[in-house]
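S.K.: By numbering that gives the first Met the number 0, the letter at position 177 of the sequence shown is numbered 176, and the numbering carries on one by one without gaps. By construction, the Cβ of each residue, glycine as well, lies at the ideal position given by its N, Cα and C atoms. There's a structure below that I have some questions on.
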Amino acid sequence: MAGTNLRTDRLELRPVRDDDIDHILEYRNLPEVSRWLLRPEVDPAAFRARWRRSAEDPNDHSVAVTRDGVVIGTVSLDVRDGMGQPGTPPNTEAEIGYIFDPGYGGHGYATEAVTAMVTYSFDRLGVRRITAGCYADNLPSVRLLEKLGMRREQHGVGDSWHAELGWVDGCTYALLAEEWRDQP
């Protein structure tokens, strides 16, 4: 992880610390949260190890989102090479994701944090394209991505397995740096 540290009007975005993990797992494993995650249940030791590994990855800019010192969410940001023929510039694309404690919902914190990470990606990391994916029925996530100005590039009919619902629709969104900068 590149040691990403950002501030917004109400939030601090900083690297995840070991002592954050138990709290993150508490809200991450709530049924209303885990319902929309690809891995609904995780082993705490494996989850902690994953965050430790991400701290060593220079292309992982994932952060804990804090409000008044309390972790209220995480935003993952993985920078990678874009698709193309030999000679494609490296580190031009990023995938973004997020998980927030529902106890802090309805205040715009997710929008504020993800907006900060998108801006950071384009302005400081030099990424040219950001993607995100979600289940089509995860309406809060769909609304957030569309509020950010991300374009739905793919709606896969029955392309995503959901443990409770079976095969459901999945969506992929994307945004180019110039589209972000051209927004009002």
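#1: Sort out for me which residues DSSP pairs T130 with in a bridge.
#2: Under DSSP, the beta strand (DSSP E) around T7 begins and ends at which residues?
#3: Pick from W166, Q84, R79 and T130: whose alpha carbon is nearest that of G96?
#4: Give me the residue from W166, A135 and P139 with the minimum Cα distance to E152.
#5: Near E92, what residues of its chain come up, given a Cβ to Cβ distance below 6 Å and the 5 sequence neighbours on each side ignored?
#6: In terms of alpha-carbon separation, which member of R66, S140, A173 and E163 lies closest to R6?
#7: From what residue to what residue does the alpha helix (DSSP H) around A48 run?
#8: Taking 8 Å as the cut-off, does the region 164 to 172 touch the region 45 to 56 (at least 3 CB pairs, one atom from each stretch)?
#9: Helix, strand or coil: how does DSSP classify D59 here?
#10: Which term fits R142, buried or exposed, when burial requires 16 or more other beta carbons within 10 angstroms of its beta carbon?
#11: Taking its Cβ as the centre, do 16 or more other Cβ atoms sit within 10 Å of R27, making it buried, or is it exposed?
#12: Would you report the Cα separation of L124 and I23, rounded to the nearest angstrom?
M.R.: Reading it off the structure:
#1: E94 and A173
#2: Where T7 is concerned, there is no enclosing beta strand (DSSP E), given that its DSSP letter is neither H nor E.
#3: T130
#4: A135
#5: R79, G81 and R128
#6: R66
#7: It spans P43 to A54 - the alpha helix (DSSP H) in which A48 sits, taken as one unbroken run.
#8: no
#9: strand
#10: Exposed, by the Cβ-count rule.
#11: buried
#12: 26 Å
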